[in-house]
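To start, the structure itself, in structure tokens.
Number of protein chains: 2
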Amino acid sequence: MRRIMLTLEYDGTGFCGWQLQPDDRTGQAVLEEAMAQVTGARSRVHAASRTDSGVHAEGQVAHVDTDSALPAGRLLRALNYWLPDDISVIDAREVGEDFHARFGAASKLYRYRILRSRSPRPLRDRFAFRVWRELDVPAMQECAALLTGTHDFTSFASEHSEVENHERTVLRSELIEDGDELHYMVRADGFLYNMVRIAVGTLLEVGYGNMTVEEFAGALSARDRNAAGPTARARGLTLLAVEYPNDPRSAPLREPRDAE
Amino acid sequence: MRRIMLTLEYDGTGFCGWQLQPDDRTGQAVLEEAMAQVTGARSRVHAASRTDSGVHAEGQVAHVDTDSALPAGRLLRALNYWLPDDISVIDAREVGEDFHARFGAASKLYRYRILRSRSPRPLRDRFAFRVWRELDVPAMQECAALLTGTHDFTSFASEHSEVENHERTVLRSELIEDGDELHYMVRADGFLYNMVRIAVGTLLEVGYGNMTVEEFAGALSARDRNAAGPTARARGLTLLAVEYPNDPRSAPLREPRDAE
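Quick note, the sequences are listed as chains A and B, same order.
Residues 0 to 259 in numbering that gives the first Met the number 0 are what the first sequence lists, from first letter to last.
Residues 0 to 259 in numbering that gives the first Met the number 0 are what the second sequence lists, from first letter to last.
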């Protein structure tokens, strides 16, 4: 049995999230089906993040155990042959049995794109949340910075969150202005259910002038979901990267990539 | 009768190009249909560029004459209400009768995105041409620069081109490296049919090592379509902007945009 680490990119629009669901098209279901086509055997895929319906990924990470003798580079191409157009394996490599995509992750990095436009923007609406009202960007930036550090994020967790411990360490929380877009960049050792989307929904309340910086700080310390803003739409959110200590991807590939 | 200047963004994937065709879904057809819905009358829309099937636009410009008394800002919102998700009016303003979207254009700016990746990239494949082979970028950049200036571009025109004069002035022709992408940026006073896509197809031949810089220069001076490379796929191409002398868009809007 060999363990393979997969890095995945997908357009979340057509998926009912990552996790296997009966009767729904999910990232896990589509990838496990491709694994079965390629290897002839059913395999369970374990991903770092169970991204929600509509959330995109540029760097989701998963691992899978297989008896297949295919070198990782060939497995990558075979999987991409079977996978539909909206999901792709962008890196595959053999890792040790001690590698676990989910439990081994040190941190994850997400980006939420806010697009300031009065009109629909067909080239970007699929990947950004569009806002036409004026936003108080400096106030939003001040609030974004407040989330850095170790906090109890109960206020920014969905009431459907099933974990007991709501303390997380946010390593980066920054709102960057990029032309007509705002990019909320957030890296943490872990995220509660809907945490990024609730953070963005609350930052937007500040941007609209519905909430002051002080009220935002109060919402964080309240440990009460009702103190924060609404959950921002999924389409603006992308899982950019999952980071590991001694990341296997920082090493050169063990096998030469065959010429094509 | 009032003349309205429209700036348009569209995802070209679902359109059989811009120009009206019997039985085909085109940008012009969809926009004229929306005009009819909004104003109750048929109007002819004149665009600066007849973009091909699959080509995108961030800044196509068109003009239309209408008897409707709707202020331009309201017309914009009404059109966007009727337009499908893959096309949008991003600016609308009343202009003088002497404004002509096509004949008045001083220059147009296109971008062609080349994405260097071995794997499919679901978040970008819709808007970029994907290449997995190594590319000789400095040689491509040298060749891109050779297109600047006034030349007879017969070698870079489709044999279906119907114009007589193949001389055009290229004001900018530059290949920019941006991470894993290459952006070919080209601005000219006019373009022949398929000119940008043939230029990119020929630059890629240089990048692959199939053609030297000298052969590229020879292809330009040959005035023979067969001397140049193949036509690159439409999906990588976006019409970024159409520029006008005394651009009406550089003036403040004549009407206050009503509060929403």
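From the three backbone atoms N, C-alpha and C, an ideal C-beta is built for every residue, glycine too.
Where do the N-terminal and C-terminal ends of the alpha helix (DSSP H) with residue 80 of chain A fall, by residue?
Note, residue 80 of chain A: alpha helix (DSSP H), 71-81.
Determine contact between the region 40-48 of chain A and the region 146-163 of chain A, defined as no fewer than three beta-carbon pairs at a distance below 8 Å.
Flag = no, the region 40-48 of chain A and the region 146-163 of chain A do not touch.
Proximity test, Cβ basis, 9 Å: residue 190 of chain A and chain B:
Chain B, which has no Cβ nearer than 9 Å to the Cβ of residue 190 of chain A, makes this no.
May I ask you to verify whether the region 8-18 of chain B touches the region 99-112 of chain B, counting CB pairs closer than 8 Å and requiring at least 3?
Fewer than three Cβ pairs drawn from the region 8-18 of chain B and the region 99-112 of chain B lie within less than 8 Å of each other, which leaves the two stretches out of contact.
Contained beta strand (DSSP E) runs [length at least 3] in the region 134-202 of chain B, N- to C-terminal order:
Complete beta strand (DSSP E) runs here, min 3: 148-151, 166-177 and 180-187.
Which one or two residues does DSSP pair with residue 93 of chain B in a beta bridge?
Partner(s): B:3.
Alpha carbon to alpha carbon, what distance is there between residue 242 of chain B and residue 249 of chain B?
Within the model, the alpha-carbon separation for residue 249 of chain B versus residue 242 of chain B is close to 11 Å.
Find out if the Cβ-Cβ distance for the pair residue 167 of chain B, residue 184 of chain B is shorter than 9 Å.
The Cβ-Cβ distance between residue 167 of chain B and residue 184 of chain B does not fall below 9 Å.
For residue 179 of chain B and residue 1 of chain B, what's the separation of their Cα atoms in angstroms?
Looking at the two C-alpha atoms, the distance is approximately 46 Å.
Within chain A, the residues that residue 86 of chain B reaches when beta carbons sit closer than 9 Å
Within chain A, the residues near residue 86 of chain B are 119 and 121.
Supposed close pair residue 117 of chain B, residue 127 of chain B - CB separation, criterion 8 Å
Contact doesn't hold; Cβ gap of about 14 Å is too wide.
With DSSP as the reference, label residue 13 of chain B as helix, strand or coil.
DSSP places residue 13 of chain B in helix when its eight states are reduced to three.
Do the region 233-240 of chain A and the region 186-201 of chain A touch if we need at least three Cβ pairs shorter than 8 Å?
Touching, per the Cβ criterion.
If we call anything under 9 Å between Cβ atoms a contact, is residue 68 of chain B one with residue 4 of chain B?
No. Outside cutoff.
Excluding the five sequence neighbours on either side, which residues of its own chain have a C-beta within less than 8 Å of the C-beta of residue 44 of chain A, listed in chain order?
Within the same chain, Cβ atoms closer than 8 Å to the Cβ of residue 44 of chain A are found at 5, 27, 30, 31, 34, 61, 62 and 63, the five residues on either side in sequence being excluded.
How many angstroms separate the CA atom of residue 170 of chain A from the CA atom of residue 130 of chain A?
If I take the Cα positions, the gap works out to 27 Å.
Residue 103 of chain A (DSSP reduced to helix, strand or coil):
Coil, per DSSP.
Short of 7 Å Cβ to Cβ, which residues in the region 83-107 of chain B face chain A?
Residues are counted here when their Cβ sits less than 7 Å from a Cβ of chain A; for the region 83-107 of chain B these are 84, 85, 86, 87, 88 and 89, given in chain order.
Any chain A beta carbon closer than 9 Å to residue 259 of chain B:
Reliability fails at residue 259 of chain B, whose pLDDT of 38 lies under 50, so the model's placement of it is uncertain and the value that follows must be treated cautiously. Contacts with chain A at 9 Å (Cβ-Cβ) include residue 259 of chain B.
Residue 36 of chain A lies in the alpha helix (DSSP H); which residues open and close that run?
Its alpha helix (DSSP H) spans residues 26-38.
Is there a Cβ of chain A sitting closer than 9 Å to that of residue 9 of chain B, yes or no?
Interface residue, yes.
Name the one or two DSSP bridge partners that residue 128 of chain A has.
Note: residue 128 of chain A sits in a beta bridge opposite A:113.
Using 10 angstroms around the beta-carbon of residue 121 of chain B, count the other beta-carbons present and answer buried if the total reaches 16, otherwise exposed.
For residue 121 of chain B, the number of other beta carbons within 10 angstroms of its own is at least 16, and it is reported as buried.
Three-state class that DSSP yields for residue 217 of chain B in the structure shown
Residue 217 of chain B falls in the helix class under three-state DSSP.
Taking the Cβ atom as the reference point for each residue, do residue 191 of chain A and residue 172 of chain A lie within a distance shorter than 9 Å?
Contact flag unset, no.
Skipping 5 residues on each side, what residues in its chain have a beta carbon closer than 8 Å to that of residue 137 of chain A?
None.
Helix, strand or coil at residue 206 of chain B [DSSP, three-state]:
Three-state result, residue 206 of chain B: helix.
Can you check whether the C-beta of residue 124 of chain B is within less than 9 Å of a C-beta belonging to chain A?
For residue 124 of chain B, at least one C-beta of chain A is nearer than 9 Å to its own C-beta.
Could you list which residues in chain B have their beta carbon closer than 7 Å to that of residue 79 of chain A, in chain order?
Residue 79 of chain A reaches chain B at 118 and 119, counting residues in chain order whose Cβ is nearer than 7 Å.
I'd like to know if residue 55 of chain A contacts chain B, where contact means its C-beta is closer than 9 Å to some C-beta of that chain.
Residue 55 of chain A counts as touching chain B.
Does the beta carbon of residue 201 of chain B come closer than 9 Å to any beta carbon on chain A?
Proximity of residue 201 of chain B to chain A, defined by a Cβ-Cβ separation below 9 Å, is not satisfied.
Per-residue contacts from residue 134 of chain A into chain B (C-beta, under 7 Å):
Neighbours of residue 134 of chain A on chain B: none; closest Cβ ~14 Å, over 7 Å.
Residue 37 of chain B versus residue 65 of chain A: straight-line alpha-carbon distance, rounded
In a straight line, the C-alpha of residue 37 of chain B is about 59 Å away from that of residue 65 of chain A.
For residue 153 of chain B and residue 142 of chain A, what's the separation of their Cα atoms in angstroms?
Roughly 58 Å separates the two Cα atoms.
Taking 9 Å as the CB-CB cut-off, is residue 75 of chain B touching chain A?
At least one chain A Cβ lies under 9 Å of residue 75 of chain B.
Helix, strand or coil at residue 87 of chain A according to DSSP, with G and I counted as helix:
DSSP places residue 87 of chain A in strand when its eight states are reduced to three.
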